[in-house]
Amino acid sequence: YHQSGWYHKGFSVVGSAGTSFYSTYNGNYTESQWSCRGNISVNQKITKAFSGSYSISVIPSIPSFSNLSSVKQELNDLAVQIGNPKLKSGLNQTHQLRLNYRLKKLFISPYAFFCHHNKAIIEQWYYSHDDNNFIKTFNNAKYYSNLKYGFRLSVSNLFNKINLSSDFSITQ
Numbered sequence: 088y089h090q091s092g093w094y095h096k097g098f099s100v101v102g103s104a105g106t107s108f109y110s111t112y113n114g115n116y117t118e119s120q121w122s123c124r125g126n127i128s129v130n131q132k133i134t135k136a137f138s139g140s141y142s143i144s145v146i147p148s149i150p151s152f153s154n155l156s157s158v159k160q161e162l163n164d165l166a167v168q169i170g171n172p173k174l175k176s177g178l179n180q181t182h183q184l185r186l187n188y189r190l191k192k193l194f195i196s197p198y199a200f201f202c203h204h205n206k207a208i209i210e211q212w213y214y215s216h217d218d219n220n221f222i223k224t225f226n227n228a229k230y231y232s233n234l235k236y237g238f239r240l241s242v243s244n245l246f247n248k249i250n251l252s253s254d255f256s257i258t259q
């Protein structure tokens, strides 16, 4: 893992990168791989009260042991989980744009967040008449994306005792 940054007159860039090795074995199937992750953030202070930032991250999505295990796991009286040993790792790419405005005790921060999940691991449910149970299993989707936008509103040190914060957002 490595992180570096640069700052000059209200402008900063920070980058980080790391790598890991994963190996999973469930009794009859082994998957081993290297995974890399990275992040770059750019921040600009425009005035004393106003700033903006943008960040991009690339993060691997590794299936858990229970997602890969083909052993039947009882969830409750009506449902069981059976993993999928053929699941593949995916890659999540996120982008975030944020503006920040502070006026004395008031802080307002509108933002937009976009995430693209490649080979996303998704749950699938079906009913098995043979087992008389609902079955939860996992598969890889080709991809899915989501967009979230909104704003955060905060008031700090209200009556010299209270901090209030609320996040209003819409996800598509």
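Per this note's numbering, residue 88 is the first one in the sequence shown, and the count goes up by one each step. Idealized CB from N, CA, C, for every residue including glycine. These figures come from a predicted structure and were not determined experimentally.
In this structure, I127 is the residue among A136, S148, I127, Y94 with its C-alpha nearest to the C-alpha of S103. By the 16-neighbour rule on beta-carbons within 10 angstroms, S156 is buried. Rounded to the nearest angstrom, the Cβ distance from S196 to N187 is 5 Å, consistent with a contact under 8 Å. In this structure, DSSP gives F152 a helical state, which the three-state scheme calls helix. Under the three-state reduction of DSSP output, H216 falls in the coil class, being neither helix nor strand. If only complete runs of 4 or more residues are kept, the region 118-167 shows the alpha helix (DSSP H) at 152-155, in order along the chain.
When only Cα atoms are considered, Y236 and A199 end up about 4 Å apart.
Short of 7 Å from the beta carbon of Y213, and not among the five residues preceding or following it, lie these beta carbons of its own chain, in chain order: I222. The closest CA to that of A207, considering only L190, Y230, R189, is found on Y230. When S243, I249, L234, L245 are compared, the shortest CA-CA separation from I257 is found for L234. Between Y109 and I149, the gap from beta carbon to beta carbon is short of 8 Å. Around the beta-carbon of G170, 16 or more other beta-carbon atoms lie within 10 Å, marking it buried.
Counted as a single uninterrupted DSSP element, the beta strand (DSSP E) harbouring S91 occupies residues 89-95.
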